[in-house]
Each structure stands twice: as structure tokens, then as C-alpha cells.
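I have placed the structure first, in the form of C-alpha cells, so that the comments after it can refer back to it.
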Amino acid sequence: MILYPHLSVNGEGHLTIGGIDTLELAERFGTPAYVMDENTIRQNMRTYMQAAEKNFGKGALPLYASKALCFAEIYKIAKEEGLGVDCVSGGELFTARAAGFPAERIYFHGNNKTDRDIKDAMDMGVGTFVVDNIDELLAVNSEAARRNIVQNILLRITPGIDPHTHKAISTGNVDSKFGNAISTGQAMEIVKDALKLPNIKLNGLHCHIGSQIFDVKPFASAADIMIKFISEIKKECGGFEINELNLGGGLGVKYTDNDPYIDYAAAIGDMAEVINKFCRAHDIKTPLVRLEPGRSLVAAAGITLYTVGSVKEIPGFKNYISVDGGMPDNPRYALYQSEYTVCIADRADKPKDYKATVAGRCCESGDLIGENMDIQKAKRGDILAVLVTGAYNYSMASNYNRIPRPPVIMVKDGQARIVVRRESYEDLIKNDCLDNPVG
Ligand code: LLP
């Protein structure tokens with residue numbers, strides 16, 4: 145096993161995923177390619193489903209934060225496993241519905257839903273809007289009034305927690321573009337406003353403190369603050385009880401030997417314990433608690449396969465291994481200096497006794513997968529694998545330098561199938577107006 149049970153090395157010394165030789169996958173589907181192990185995704189979803197039901201009761205279905213990895217097939221898997229989903233854009237909603245995901249199990253997020261988004265989501269019958277701000281609250285109410293419906297909502301609240309993760313993925317601070325802060329009084333104001341609106345049903349509160357968090361403590365602190373706020377609402381709003389508390393996503397994932405493994409079921413158990421304790425202390429009934437994991441459901445399942453193009457050793461400086469992908473398919477090092485584990489799939493059994501900076505093929509020095517990484521010695525034509533790329537890689541991919549996006553290959557029980565096709569050059573120009581007259 146390499147980091148996770150679905151990753152291993154076969155008798156020929158090749159890296160395998162879900163029991164399949166990655167060199168065969170590279171040969172059959174080409175590179176770069178994302179490869180996902182379906183059983184790992186399903187197993188992670190089951191872990192969350194079972195832990196949520198055990199600790200938070202029946203109906204506390206977790207919501208898959210589909211921004212982590214978004215294509216039709218993943219919604220089908222989430223539907224089959226019984227989860228709800230969090231969508232953040234018209235595009236995610238459209239994909240979910242195209243895949244047949246039930247609208248009532250969709251939570252519609254985002255800090256700036258457009259009028260069109262709101263209309264589209266209501267046309268689809270989306271179950272719950274997670275309303276970010278007062279402008280949006282009024283817009284949702286007007287659209288619901290026009291349709292003569294009452295829309296279920298949660299309100300996004302900022303508890304004022306610093307989860308000590310990368311600044312770009314930290315979202316629970318008061319100074320945030322997301323939500324309404326408790327400490328400024330704005331959270332109470334928007335609750336009171338929501339309760340006055342005839343076409344809004346305030347079902348609950350939502351907070352999301354950040355991502356790639358390894359410790360339960362910041363979640364416990366957020367829960368404490370949110371539960372205290374729920375008890376204040378009860379006092380200030382004529383006994384009104386909040387039904388649902390959504391604590392967002394954010395549990396971390398092991399990317400390298402330096403990260404710990406997280407026992408998600410145990411972490412959920414720990415959260416439940418403190419939530420029950422805080423509810424007793426504040427004398428409120430325990431709301432239905434929901435979690436919204438993204439990364440921890442899909443990250444570990446994925447790897448990316450590249451072909452090595454060049455190996456450049458600069459005397460006195462670094463060694464560079466260049467691959468046929470890079471920041472367009474994985475922008476996470478450029479954005480967050482994220483660390484990854486890499487290996488040469490052809491010789492995954494050999495020690496990683498070489499140090500190299502793995503570079504992409506874009507015209508940009510920052511186009512790196514990582515610097516000074518431990519890896520086997522490489523040569524042109526080798527297959528280089530980057531592990532744990534299932535989350536925020538495909539979903540953050542771009543066409544920078546007009547590079548087509550790689551396909552997504554799903555492996556399951558020894559079989560591989562394409563779930564997202566490789567983009568073609570024709571796909572790249574399909575929206576270009578080639579025959580427009582100049583001027
Ligand atoms: N719920 C909400 C409201 C969120 O904003 C997010 C992530 C999640 C749930 C899921 O969080 P997770 O369980 O995946 O940590 N692109 C960054 C991560 C951005 C996370 C954005 N929100 C990265 O590549 O690290």
C-alpha cells in the first residue's frame with residue numbers, strides 16, 4: 145500500500161490503483177489523465193452516512209460538497225449512496241439535475257447568487273437555499289413570492305473562528321466575503337429579517353470555517369458559538385427554534401507522509417459529543433446536524449498520470465522533471481503551495497532516492513506540481529503519478545495555454561471506464577466565433 149489501500153505496487157514494480165496497472169491505464173487512455181477509484185469514494189461516503197446517522201440521528205444525511213469534484217457520474221454515485229449535495233453555481237445545479245440527482249436533496253450555496261441562478265434553482269425545485277446576505281434574502285423572497293411558494297432556507301453565519309489553515313481556504317473569520325457575523329450583530333439582524341418574510345421558511349443555520357483541517361477543536365468551537373447563537377435566537381425571537389445546524393465541510397486529508405490520517409467516524413463522534421453537551425448547557429433541543437464534506441470524500445480516491453518529457457539537472461541548482469500537464473490540471477501548488485506525494489509509476493517499488501522539482505508544460509515559472517520532491521530517478525517516457533488528486537484538481541482545471549482538460553477515468557473492481565472524456569482541440573474552439581467579420 146502507498147498512502148491508501150487502493151494504491152499498491154504489482155509484481156512488475158508498477159503502481160496500481162484499484163488493482164489495475166497504471167502503465168496500462170496510461171497506455172489505454174493517454175496522459176495526462178485523472179484516475180479515480182470508485183470503491184474508495186463509495187466507502188468514504190458510507191463512513192460519513194453511517195457516522196452521521198449513528199451520531200446525529202436518522203435524516204441527518206451528509207451533503208457532498210460537489211465543488212471538490214464535479215461531473216455527472218459523481219452525482220449518480222452520491223445519489224446511490226443516499227447523500228445530499230451542496231451545489232454552488234448554476235453549472236453545478238445543472239450537472240446534478242442532468243445526472244438525475246433529486247432536487248429536494250440539493251443545498252444551493254454561494255455568496256453571490258444571480259437572479260438567474262435563483263430562478264433556475266427554483267425552476268428545478270431545489271430543496272434548500274443557503275442564503276448568504278440580506279440582498280440575496282430579499283431576492284429569494286421576491287422570486288418565491290412571484291411563484292407563490294415558500295422557500296426553505298438556511299442562513300450562512302460567520303462564527304469568527306480561525307481554523308489555522310491556509311488563508312485562501314479559511315472562511316469562518318468575521319472579515320470574510322461569506323455570511324453574517326455574530327459578533328457584529330448582523331447575524332441576529334438577518335435572522336429577524338428572515339422571520340418576517342412571508343415566502344421564506346428559516347429552517348436553520350450554516351457555517352463553514354475552512355478546509356484541510358486536521359483537528360476537531362475548531363469545529364467544536366464553531367459548534368459552541370453557533371449553539372449559543374441558536375439559544376439567543378430562541379430568547380430574542382419569541383421562542384423560535386432552529387431546526388437544522390449545518391457545520392460545513394473541512395476535515396483534512398493525508399497528502400504526504402507528513403500529514404496524519406483522520407478517522408472520520410471518530411471525528412464525527414467527537415463532534416456529536418460536544419454538540420449534545422453544548423445544547424444541554426444552553427437548554428435547547430439538539431438540532432438536526434449536517435456535515436458537508438468535499439475533500440475527505442474524494443481526494444484520496446484520485447491520482448493523476450503524466451508522461452515525463454524532460455529531465456533537466458542544473459548543476460548547483462535544482463533538478464527539473466517536466467510532465468505533459470501542470471497548473472491547468474492541478475493549480476494547487478501555484479495557489480496554496482499544497483504538498484503532494486509523487487512517484488515514477490514504472491518503478492514504484494524502487495526507493496525515492498532522487499530529488500526533483502516537478503514542473504508542468506505552461507509558459508510560466510510558477511507552473512509546478514511541487515519543489516524538491518522525493519521521487520525515483522526519471523527519464524523521458526516514464527509515467528509520473530501524483531497521488532491524492534481527487535479533490536480540487538479536475539474541478540479547478542482550466543484551459544490555460546489552450547491545453548485541453550484531461551479525461552477522468554473511473555476504476556472499479558478491476559475495470560476502467562471513462563466518466564469524463566478528454567477535451568479535444570475542437571472542444572477548445574467550439575465557442576470561438578471563427579466567421580465573425582473583423583471590426
Ligand atoms: N461547504 C462549504 C460551504 C464550502 O465552502 C466548502 C469548501 C465545503 C463545504 C467543503 O470543504 P472540504 O470538505 O472540501 O474541505 N480549492 C481549495 C479548497 C476550497 C474549499 C472551498 N469550500 C483547495 O484546493 O484546497
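Residue numbers for the sequence shown, in our numbering: 145 to 583. C-beta: ideal position from N, C-alpha, C; glycine also.
Less than 8 Å separating the beta-carbons of residue i and residue j?
i, j, result
"Leu391", "Tyr192", "no"
"Pro307", "Ile371", "no"
"Ile465", "Ala500", "yes"
"Leu282", "Ala338", "no"
"Gly157", "Ala364", "no"
"Asn543", "Pro475", "no"
"Arg524", "Gly460", "no"
"Ala444", "Gly354", "no"
"Ile374", "Ile428", "yes"
"Val335", "Arg300", "no"
"Thr451", "Asp468", "yes"
"Ile419", "Ile369", "no"
"Gly470", "Gly504", "yes"
"Leu389", "Pro362", "no"
"Ala195", "Ile412", "yes"
"Lys496", "Ile519", "yes"
"Ala222", "Thr239", "no"
"Ala289", "Val270", "no"
"Glu617", "Arg190", "The requested residue 617 does not occur in the structure, where the chain is confined to residues 145 to 583."
"Arg546", "Leu578", "no"
"Met266", "Glu287", "yes"
"Asp511", "Ala541", "no"
"Asp526", "Asp576", "no"
"Ile305", "Leu349", "no"
"Ile146", "Ala560", "no"
"Gly254", "Lys220", "no"
Heavy atom of the ligand LLP less than 7 Å from the Cβ of residue i, yes or no?
i, result
"Asp526", "no"
"Leu395", "yes"
"Arg424", "no"
"Glu436", "yes"
"Gln481", "no"
"Gly392", "yes"
"Ser210", "no"
"Asp230", "yes"
"Ser440", "yes"
"Arg476", "yes"
"His352", "yes"
"His253", "yes"
"Ser320", "no"
"Ser355", "yes"
"Met180", "no"
"Tyr148", "no"
"Tyr536", "yes"
"Met471", "no"
"Met189", "no"
"Met587", "Beyond the ends of the chain as shown, which are 145 and 583, falls residue 587; an answer cannot be given."
"Met586", "Outside the shown range of the chain (145 to 583) lies residue 586, about which nothing can therefore be said."
"Met540", "yes"
Measure the beta-carbon distance from residue i to residue j and round it to whole angstroms, keeping in mind my assumption that it falls under 8 Å.
i, j, result
"Thr184", "Leu449", "Actually they are not in contact, since the Cβ atoms of Thr184 and Leu449 sit about 17 Å apart, beyond 8 Å."
"Leu237", "Leu207", "Actually they are not in contact, since the Cβ atoms of Leu237 and Leu207 sit about 14 Å apart, beyond 8 Å."
"Leu441", "Asn188", "5 Å"
"Ile513", "Val530", "6 Å"
"Ala367", "Met415", "7 Å"
"Leu298", "Thr272", "6 Å"
"Val563", "Val555", "10 Å between Cβ atoms; not a contact."
"Gly235", "Asp264", "So it is not a contact: roughly 10 Å between Cβ atoms."
"Ile344", "Asn285", "5 Å"
"Val433", "Ala204", "6 Å"
"Ser210", "Asp230", "6 Å"
"Ser482", "Leu213", "At roughly 16 Å, the Cβ-Cβ gap does not stay under 8 Å, so Ser482 and Leu213 are not in contact."
"Asn292", "Asn347", "Contact flag wrong, Cβ pair sits at about 19 Å."
"Val179", "Leu169", "6 Å"
"His352", "Gly396", "In fact, because the Cβ distance is near 14 Å, the residues do not count as touching under 8 Å."
"Pro176", "Pro404", "Not a contact, Cβ separation roughly 29 Å."
_Within the region 489–560, ranges of the beta strand (DSSP E) (whole runs, at least 3 residues)_ = For the region 489–560, whole beta strand (DSSP E) runs of length 3 or above, ordered along the chain, are 498–503, 512–519, 527–531, 552–556.
*Kindly provide the ranges of any alpha helix (DSSP H) runs that are 4 or more residues long and lie completely inside the region 268–327, ordered along the chain.*
Fully enclosed alpha helix (DSSP H) runs of 4 or longer: 278–291.
*Which runs of the beta strand (DSSP E) fall wholly inside the region 227–269 and span at least 3 residues, in chain order?*
List check, beta strand (DSSP E) in window: 228–231, 250–252.
*Enumerate, from N- to C-terminal direction, the unbroken beta strand (DSSP E) stretches of 3 or more residues contained entirely within the region 337–393.*
Counting only runs that start and end inside the region 337–393, the beta strand (DSSP E) elements of at least 3 residues fall at 344–350, 388–390.
*Please specify which runs of the beta strand (DSSP E), each continuous and at least 3 residues long, are wholly inside the region 387–456, giving them in chain order.*
Runs found: 388–390, 432–434.
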